[in-house]
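Residue numbers (this note's numbering), protein chains in the order written: chain A, 1 to 231; chain F, 1001 to 1231.
This report concerns only the one structure given below.
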DNA sequence: TCCGAAGTTTGTCAAAGGGCAACGTTCATG
DNA sequence: CATGAACGTTGCCCTTTGACAAACTTCGGA
């Protein structure tokens, strides 16, 4: 395999303050791999034998219930660490990670976790910070699910995805990865039918514009209003 | 203030493998305090200036939405660390902690966090493990909220509380801290009315027995069935 | 270029559960 | 022991939204 270029990691928070040779050493231990859309990177309950960094693409993290339904917990954007179960003293992955779009992923064997944490303070700090942010996000989802009606939840979810991983287009902010009505339903605890009706309605009002697997938010402000309205 | 007895900490996971003098040193830095039922220990968004250990009682951790409703995220049992925002590189508490029953709490100033983590490996390991377990719990709540109907959610929640912090009585397992219909509603994203109706119904069927602020599960098995039934 | 799979839309219907209202019960406190 | 506040119960109505069904569209591959 060709050597990975050091520029891949410089600038990323976990590896910022590091010197060239350190980054070189880290990269030499890494495996780079491409995942097609829909391919699993790791699965819930399996032995947590690697940790990962997303270089390009998007990853969907989901959990399954005993009865088989799946719930999408969050999305990972490029530059983020994931599969860092070990940070929480876990032996197995607590969720399933699937490439939401074609993705490039670096991975390291979990035995390097301890050494990385010990040797690179910025890596440790960033890992725990990431966990903290995700915990916050999940708590936010939880409170949303507990207090908001379906329309508000879907509005808030679409908005969050547009903010976290949207790209500007002429029409507005486009969610940067393929996403189906069913995916949105799995994030908001509703059905694809209801999501479809909502998006259709919003499209008629000029708030969003959507095609197969793509959503563009054309009027973010009105979506914000929808996500908060209490009536 | 009288010196705290070392037996308070021996046997608790974060301080297991430690020697007497170490425990003595840790205790000498701690402040012990009693909180009456309903009193806040810390509040969401405030400066995270202390971390805590619950010695006795129960603590309710909740988050507020922008619109003022509150959602109860989890309960803390004796022996557990809490308010450990710092483990996640946070400057402020991400939630509010309120004594659910009269409680005895040890606290340390946050400036000791780094030294504790560095000096006591079991403390570090236990802290991160705790975070991991809570993340798991919250994810479980999230998937539950997303996929289960109200009756199943309430059944699962009552069951979880009975399992985590129940004590055996002649009649069955009693939830060990005072809990109102409204509290349960705030945990399950429903209203106190619906919870009241459900508990009344279950009581008629001999599944639970409840009085003001107290719930006893008399037939856990049937409650398990309810929490899973898909019809 | 055709076909099947995956994704989307829309209609109808029924049930769950929230909103509102009124009343009952328990408890702490002066 | 009287009073009010906190907690709990129950009835009724109506909206939201899930369930079911059917058809349509888009896309990739044989």
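Cβ atoms here follow ideal geometry from the backbone N, Cα and C, with glycine treated the same way.
query                                                                                                                                : result
Beta-carbon neighbours of residue 1227/F, restricted to chain A and to distances below 7 Å                                           : Those within 7 Å of residue 1227/F in chain A number zero; the least Cβ separation is about 10 Å.
Contained beta strand (DSSP E) runs [length at least 3] in the segment 1047 to 1118 of chain F, N- to C-terminal order               : 1050 to 1056, 1059 to 1064, 1070 to 1076, 1096 to 1099 and 1103 to 1109
Beta-carbon neighbours of residue 141/A, restricted to chain F and to distances below 7 Å                                            : 1142
Cα-Cα separation between residue 1209/F and residue 1176/F, rounded to whole angstroms                                               : 14 Å
Any chain A beta carbon closer than 9 Å to residue 1089/F                                                                            : yes
Residue 215/A beta carbon less than 9 Å from that of residue 161/A                                                                   : yes
Within 9 Å, strictly: CB atoms of residue 226/A and residue 174/A                                                                    : no
At least three beta-carbon pairs within less than 8 Å, the segment 116 to 128 of chain A to the segment 1043 to 1057 of chain F      : no
Own chain residues within Cβ distance below 7 Å of residue 1044/F, not counting five before or after                                 : 1063, 1064, 1093, 1094, 1095 and 1096
Short CB-CB distance (under 9 Å) between residue 98/A and chain F                                                                    : no
Which residues DSSP lists as bridging residue 1210/F, in chain order                                                                 : 1215/F
Distance, residue 87/A Cα to residue 1006/F Cα                                                                                       : 30 Å
Chain-order list of residues whose beta-carbon lies under 7 Å from that of residue 1020/F (same chain, five-residue window excluded) : 1006
Contact set for residue 9/A: own chain, Cβ-Cβ below 6 Å, skip 5 residues either direction                                            : 15 and 23
Segment contact, 8 Å Cβ cut-off, at least three pairs: the segment 1070 to 1086 of chain F with the segment 1162 to 1173 of chain F  : yes
Distance between beta carbons of residue 1153/F and residue 1194/F, contact taken as under 8 Å                                       : Not quite, the Cβ-Cβ distance comes to about 10 Å (not below 8 Å), so this is no contact.
Limits of the unbroken beta strand (DSSP E) element including residue 35/A                                                           : 31 to 35
Cβ pair residue 1041/F, residue 1098/F closer than 9 Å                                                                               : yes
Residue of 1070/F, 1206/F, 1114/F and 1200/F minimising C-alpha distance to residue 139/A                                            : 1070/F
As assigned by DSSP and simplified to three states, the class of residue 1179/F                                                      : coil
Between the CA atoms of residue 25/A and residue 18/A - distance to the nearest angstrom                                             : 11 Å
Terminal residues of the beta strand (DSSP E) in which residue 1040/F lies                                                           : 1040 to 1042
Distance, residue 1067/F Cα to residue 1039/F Cα                                                                                     : 22 Å
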